[in-house]
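Structure record follows, encoded as structure tokens.
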Amino acid sequence: MPIMDRFDLAKSSKFTRGEKCIFIHLILTFVLIILSIIIYFVHLCIINHPGNSYLNTRRLVSLQEGIKEITTPDYLPIGVLYLNTNPIRVICNTILFREKWSIAPAHCVIIRSDPSLAALLPKWEIKFKTADLKFKVTKIRRSIAHPHFNRDDFSNNVGLLEHTVSVPIHQYINP
Numbered sequence: 193m194p195i196m197d198r199f200d201l202a203k204s205s206k207f208t209r210g211e212k213c214i215f216i217h218l219i220l221t222f223v224l225i226i227l228s229i230i231i232y233f234v235h236l237c238i239i240n241h242p243g244n245s246y247l248n249t250r251r252l253v254s255l256q257e258g259i260k261e262i263t264t265p266d267y268l269p270i271g272v273l274y275l276n277t278n279p280i281r282v283i284c285n286t287i288l289f290r291e292k293w294s295i296a297p298a299h300c301v302i303i304r305s306d307p308s309l310a311a312l313l314p315k316w317e318i319k320f321k322t323a324d325l326k327f328k329v330t331k332i333r334r335s336i337a338h339p340h341f342n343r344d345d346f347s348n349n350v351g352l353l354e355h356t357v358s359v360p361i362h363q364y365i366n367p
């Protein structure tokens with residue numbers, strides 16, 4: 193009987209060890225994906241989801257005001273910072289976090305302090321969508337950028353915008 197060396201063993205196998213490993217990993221990945229899909233559909237059948245609520249990815253928040261309970265709709269407190277010029281120039285999105293304050297990226301807040309845009313200061317506005325699908329528009333009283341904001345690498349890229357009009361925060365999900 194001839195003696196087989198390591199080269200003969202390599203020739204006798206159709207796939208290398210690495211190829212077999214990749215194949216097993218692919219099979220395991222597909223099995224886990226199929227198992228996850230089956231669990232999702234079983235969940236949909238077992239748990240009662242009224243209407244198309246399973247498509248809703250936002251949460252409802254319940255607030256206590258005195259005795260009565262108010263359930264807020266699933267609107268996010270996101271506003272649009274824009275220049276009220278012709279045509280309207282959208283600058284950034286903001287997030288309402290107090291009745292008179294919004295958070296915005298500092299690179300958007302810094303633009304307001306640019307000397308070449310000083311004539312446009314009265315035209316800066318923020319628009320929020322309320323619970324009854326109407327819009328609340330407010331002008332900006334002042335803007336504050338993070339004191340350590342770096343324009344080169346955008347570190348500390350956060351700023352505050354103070355509104356001239358209070359936007360009721362109970363109409364939104366609290367951040």
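Numbering of the sequence shown is given in our numbering, commencing with residue 193 and proceeding in unit increments. Each residue gets a CB set at the ideal place from its N, CA and C atoms; glycine is no exception.
Task: Min CB distance Leu313 to chain D below 9 Å - done: Looking at the structure shown, chain D is missing, and only one protein chain is on hand.
Task: Cα-Cα separation, Val350 to Ile229 - done: 39 Å
TODO: Run the CB neighbour count on Arg281, radius 10 Å, all protein chains shown included, and call it buried at 16 or more, exposed below.
DONE: In the assembly as shown, Arg281 is an exposed residue. Its beta-carbon has fewer than 16 other beta-carbons within 10 Å.
Task: Through-space distance from Pro279 to Pro297, alpha-carbon basis - done: 23 Å
Open item on the list: Determine whether the beta carbon atoms of Phe341 and Ser347 lie at a separation below 9 Å.
Closed with: yes
TODO: To the nearest angstrom, report how far apart Leu313 and Ile332 are at their CA atoms.
DONE: 9 Å
Task: Classification of Ser294 by the beta-carbon crowding that lies within 10 angstroms, buried from 16 upward - done: buried
Task: Start-to-end residues for the beta strand (DSSP E) that takes in Glu354 - done: Residues 351-355.
Task: Reduced DSSP secondary structure (H/G/I, E/B, other) of Ile187 - done: As displayed, the chain neither begins before 193 nor continues past 367, which places residue 187 out of reach and without an answer.
TODO: Note down the Cα distance separating Lys319 from His241, rounded to an integer number of angstroms.
DONE: In this model, Lys319 and His241 are separated by some 33 Å (Cα to Cα).
TODO: With a 10 Å radius around its C-beta and 16 neighbouring C-beta atoms as the bar for buried, classify Gly271 as buried or exposed.
DONE: buried
TODO: Find out if the Cβ-Cβ distance for the pair Pro360, Thr322 is shorter than 9 Å.
DONE: yes
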